[in-house]
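Take a look at the structure set out below.
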Amino acid sequence: MIEIEALHHSIGKAPILNGVDLVIPEGGMTALIGPNGAGKSTLLSLVARLRKIQSGHIRVAGHAVGQVSDQDLARVLAVMPQETRVSARLRVADLVSFGRYPWHRGRPGKADHAIVDRALERFSLDPLRERFLDEISGGQKQRAFAALAYAQDTPYLLLDEPLNNLDIAAARDLMRLMRELADEEGRTIVIVLHDINYAAAFADRLVVMKDGRIAAQGTPGDVITDTMIGEVFGTQAGVRMVDGRPVVIV
Amino acid sequence: MRLFGLGLLALMAICSLFLGVADVAPGDVFRDAEARALIWESRLPRTLAAMLAGAGLAITGQIMQLLARNRFVEPMTAGAGQSAALGILVITLLVPGAPIWAKMVASSGAALVSSLGLMALIRPLPPTQPLLVPLVALVYGGVIGAVVTFVAYQGDMMQFLGVWLTGELSGVLRGRYELLWIAAIASAATFLIADRLTLLSLGEDTARTLGVNVGRITAAAIVAVSVVTALVVVTLGAIPFVGLVVPNLVVRMAGDNLRRALPLTALAGALIVLVADMLGRWIRAPYEVPVATTISVIGALIFLVLIRRGAARV
Amino acid sequence: MSGRLAILAAVLVLSALAYMVLKAQGPWSFLLPYRATKLAALILVGVALSVATVMFQTVTANRILTPSLMGFDALYVLVLTLLVHSLGASGYAQIGAAWLFAGNLAAMSVLGLVLFAGLMRLAGGDMVRLVLCGIVLGLLIRALTEFLQRMIDPSEFQMVQSLSFARFTQIDGTLLALSFVAIAVALVLAWRLRHRMDVLALGDAAATGLGEPPARLQRQALILICVLVAAATALVGPLASGGFGPSSFFGLIVTAFAHIVTPSHRHAVLIPSAALIGAVILVGGQLVMERLLGFQTPLTVVIELIGGAVFLILLIKRRAA
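For the record, the sequence lines run as chains F, S and P.
Under our numbering, the first residue of the first sequence carries the number 200, and numbering increases by one thereafter.
Under our numbering, the first residue of the second sequence carries the number 12, and numbering increases by one thereafter.
Under our numbering, the first residue of the third sequence carries the number 5, and numbering increases by one thereafter.
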């Protein structure tokens with residue numbers, strides 16, 4: 200369970216989060232959606248302690264973020280950041296094997312290698328394992344970073360706009376994989392998305408943010424309505440139900 | 012603006028005449044023949060040299076920025092200054108008793124070659140990365156600087172190297188700075204092609220359709236830049252950053268129209284070098300801090316501010 | 005990789021041997037200790053600057069900026085100038101060498117951290133801006149140092165000159181021992197950071213996610229870098245060759261070579277590889293310059309020449325890639 204309490208955050212003088220209270224239950228996939236500048240990514244990066252908390256509290260599985268040691272938290276929570284630029288010239292397999300770092304701190308054992316192999320296979324990276332990161336496509340790189348987070352083998356997995364720059368096939372593949380992780384391995388997945396339809400199609404729960412606050416939350420069917428789209432996103436787009444899931448007509 | 016600047020420059024120039032180790036009060040000029048001689052032989056040439064060099068360097072900077080289409084370059088640190096020193100060094104080694112005009116020609120030629128080399132080097136750089144140009148230019152200058160040091164070591168001329176690489180005005184006397192008047196003429200000559208250079212800054216194709224002979228104008232501009240740079244190095248030694256800082260400040264006020272900007276650039280350049288020299292004379296009197304050192308400190312600081320600001324704008 | 009490291013080590017041993025015995029003029033009893041001291045200094049300096057550069061490039065996430073380029077060695081002279089000035093030339097001479105050395109290292113580490121923080125703010129995450137700001141910062145430090153040296157008393161100035169412009173020709177025994185201790189300690193600590201540095205190279209966010217937040221590690225690495233550069237500079241003076249161009253590209257050549265000879269992201273490989281290559285370049289280079297060619301020019305000038313060219317090639321190649 201991720202518990203967020205009275206979270207305020209500003210960058211420079213601009214307030215980004217204005218009192219966020221949120222509980223994300225264990226298991227399943229929760230998607231954070233909202234218009235640009237709503238504070239989704241900031242919220243995610245605070246949970247992932249990529250930014251320092253200015254005021255408020257976050258607890259992940261009982262660990263208070265900011266107080267628990269970085270190393271311990273890295274065994275509870277993995278994050279795939281939005282910015283994935285690596286200065287070192289790395290092979291795909293090397294990158295993914297860093298997922299084991301929180302567990303072995305530089306001295307990998309047999310079990311670690313096995314998990315890395317599994318991650319490479321699961322994310323269909325086996326044929327690419329000896330390729331350098333600057334030699335593969337953006338989608339493949341994105342997948343490699345997802346595999347890195349997967350190999351970290353944590354109960355919580357956070358992804359910040361993982362679909363950026365992905366074509367439809369790559370985006371669907373990645374979302375399906377995440378769905379599998381939630382269903383088969385019981386991991387708790389929190390994902391920031393800007394495409395509502397992907398969120399509605401794959402997530403169990405949606406958290407809608409606007410102006411640094413939680414505007415709505417619940418199942419996709421409950422949350423995605425004409426009124427919500429109008430109020431939160433400020434545009435009139437119709438919502439239809441397709442196979443029991445809401446779809447926003449653009 | 013221009014009148015104010017001229018007035019300020021005149022005031023500073025007068026102050027400069029009466030600043031130095033030997034105390035000379037303005038009144039002494041009328042009473043004391045020795046004081047008159049001091050001013051005539053040393054202080055006046057020094058003041059003029061500072062102003063001429065400053066004006067010339069500022070103009071070369073502006074022109075080079077226009078040719079490179081980049082605000083962060085100037086010839087003195089981008090290889091032309093170092094090459095000018097290399098030219099003098101080589102001619103002194105080959106022809107020990109070479110007359111001053113030969114040194115002048117050699118250093119101008121070397122500066123010219125290196126400026127052309129730099130242009131060829133930065134031309135293919137992508138315009139989306141404006142900071143790549145100064146980076147390449149600085150390192151290019153550094154490499155040529157290393158060649159200079161190498162030659163100087165091999166030729167056992169290290170003790171002279173400082174003279175050319177660190178610009179200083181303490182040695183300026185009547186009869187030793189007059190070459191700078193040629194630099195002044197070369198700088199002034201750029202006024203004649205100022206309009207065509209401005210057109211060039213709109214892009215070569217645009218300039219060509221407007222009837223500008225791009226090749227010839229570019230060549231003329233590079234020759235002027237090289238000659239001015241070389242003459243300053245020959246007479247005073249290298250003075251960095253003037254060509255970088257001054258045009259950047261002037262452009263904020265006068266815009267990119269060279270005909271309007273150049274006089275202001277010259278004025279500001281003269282002022283900055285003169286003030287830096289006076290500061291160097293006054294701050295640790297009776298010792299002197301070379302003008303190049305003072306300007307390096309100020310210039311590098313302003314350079315950092317410019318990079319930061321330029322990046323914020325892009 | 006270990007095979008390649010072994011070859012590098014062998015090359016170093018061979019060049020060290022050649023350095024010791026080639027072109028002997030004069031009695032061995034004099035020559036051997038004299039040359040051994042110089043050799044030790046060359047190796048120490050090569051290793052220290054190379055390891056410092058490897059760490060610096062990981063901390064700044066770029067492959068071309070080096071501590072010397074951004075004026076860390078000039079910073080040493082700046083600190084020295086300030087110390088001599090505040091203590092006076094005679095006061096400076098009275099304090100024990102060890103204390104002075106420690107004071108220099110401490111002051112330089114503090115200034116180095118401040119400078120680095122400033123550089124990162126100026127760079128704002130852009131690689132080209134980082135390198136350019138680093139170089140201009142280096143020019144500023146050099147200019148400031150020169151300015152201060154003109155401000156102090158001429159006798160103090162002479163003192164600073166004699167302290168900071170020693171070359172490989174004259175190495176003080178005490179200083180050699182002090183530098184050795186400082187460099188050895190810093191190397192051990194750097195070695196212990198090797199796995200964490202690997203993680204740091206993944207970028208700030210990824211490193212944080214893996215439980216290795218960059219800020220503290222960067223600080224630790226920077227202090228080690230400052231100590232390594234300061235100790236090396238204390239031994240042989242700044243590698244700057246005069247003029248107002250960028251200073252030495254020694255570290256740049258070394259890391260570029262290290263990435264070619266031992267292509268790996270692991271600091272467990274990069275650190276020893278760069279250390280060996282750095283020592284080989286200095287020992288071998290000095291051997292060629294001094295013994296074979298009989299050149300007057302200090303090695304650093306040639307390194308600057310070649311290094312500048314390598315730098316330009318790296319820049320222009322990176323653009324093409």
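Glycine included, every Cβ here is placed at the ideal spot set by N, Cα and C.
Are the beta-carbon atoms of residue i and residue j separated by less than 7 Å?
i	j	result
residue 77 (chain S)	residue 212 (chain S)	yes
residue 276 (chain S)	residue 73 (chain S)	yes
residue 214 (chain P)	residue 203 (chain P)	yes
residue 303 (chain S)	residue 178 (chain S)	yes
residue 84 (chain S)	residue 145 (chain S)	yes
residue 152 (chain S)	residue 98 (chain S)	no
residue 353 (chain F)	residue 275 (chain F)	yes
residue 62 (chain S)	residue 208 (chain S)	no
residue 233 (chain P)	residue 56 (chain P)	yes
residue 258 (chain P)	residue 54 (chain P)	yes
residue 255 (chain F)	residue 303 (chain F)	no
residue 280 (chain P)	residue 12 (chain P)	yes
residue 21 (chain S)	residue 35 (chain S)	no
residue 347 (chain F)	residue 295 (chain F)	yes
residue 207 (chain P)	residue 253 (chain P)	no
residue 405 (chain F)	residue 232 (chain F)	yes
Which of the three DSSP states is assigned to residue i in this structure?
i	result
residue 415 (chain F)	strand
residue 359 (chain F)	strand
residue 297 (chain S)	coil
residue 69 (chain P)	coil
residue 184 (chain S)	coil
residue 245 (chain P)	Note that residue 245 (chain P) scores a pLDDT of 38, beneath 50, so its modelled location is shaky; the value from the coordinates is reported in the next line. Coil.
residue 256 (chain F)	strand
residue 27 (chain P)	coil
residue 287 (chain S)	helix
residue 115 (chain P)	helix
residue 304 (chain S)	helix
residue 30 (chain S)	coil
residue 249 (chain S)	coil
residue 218 (chain F)	strand
residue 287 (chain F)	coil
residue 35 (chain S)	coil
residue 279 (chain F)	strand
What whole-angstrom Cβ distance do residue i and residue j have, given they're in contact under 8 Å?
i	j	result
residue 238 (chain S)	residue 119 (chain S)	5 Å
residue 235 (chain S)	residue 197 (chain S)	5 Å
residue 16 (chain P)	residue 284 (chain P)	5 Å
residue 414 (chain F)	residue 391 (chain F)	No, residue 414 (chain F) and residue 391 (chain F) are not in contact; Cβ-Cβ is about 15 Å, not under 8 Å.
residue 87 (chain P)	residue 107 (chain P)	7 Å
residue 205 (chain F)	residue 410 (chain F)	The pair is not a contact, with the Cβ atoms about 16 Å apart (cut-off 8 Å).
residue 389 (chain F)	residue 229 (chain F)	5 Å
residue 280 (chain S)	residue 65 (chain S)	4 Å
residue 286 (chain P)	residue 26 (chain P)	That belief does not hold up - the Cβ atoms of residue 286 (chain P) and residue 26 (chain P) are roughly 16 Å apart, past 8 Å.
residue 48 (chain P)	residue 187 (chain P)	6 Å
Can you tell me whether residue i is buried or exposed? The criterion is at least 16 other CB atoms within 10 Å of its CB, across all chains shown.
i	result
residue 80 (chain P)	buried
residue 217 (chain F)	exposed
residue 352 (chain P)	Because chain P is modelled from 5 through 325, residue 352 (chain P) falls outside the range shown and cannot be assessed.
residue 54 (chain S)	buried
residue 76 (chain P)	buried
residue 114 (chain S)	buried
residue 301 (chain S)	buried
residue 137 (chain S)	exposed
residue 340 (chain F)	buried
residue 312 (chain F)	exposed
residue 445 (chain F)	buried
residue 317 (chain P)	exposed
Which partner residues does residue i have in the DSSP bridge list?
i	result
residue 445 (chain F)	F:440
residue 74 (chain S)	None, per the DSSP bridge assignment.
residue 204 (chain F)	F:256
residue 406 (chain F)	F:231 and F:416
Mind listing the chain A neighbours of residue i? Cutoff is C-beta to C-beta under 9 Å, in chain order.
i	result
residue 203 (chain P)	Among the protein chains in the structure shown, which are F, S and P, there is no chain A.
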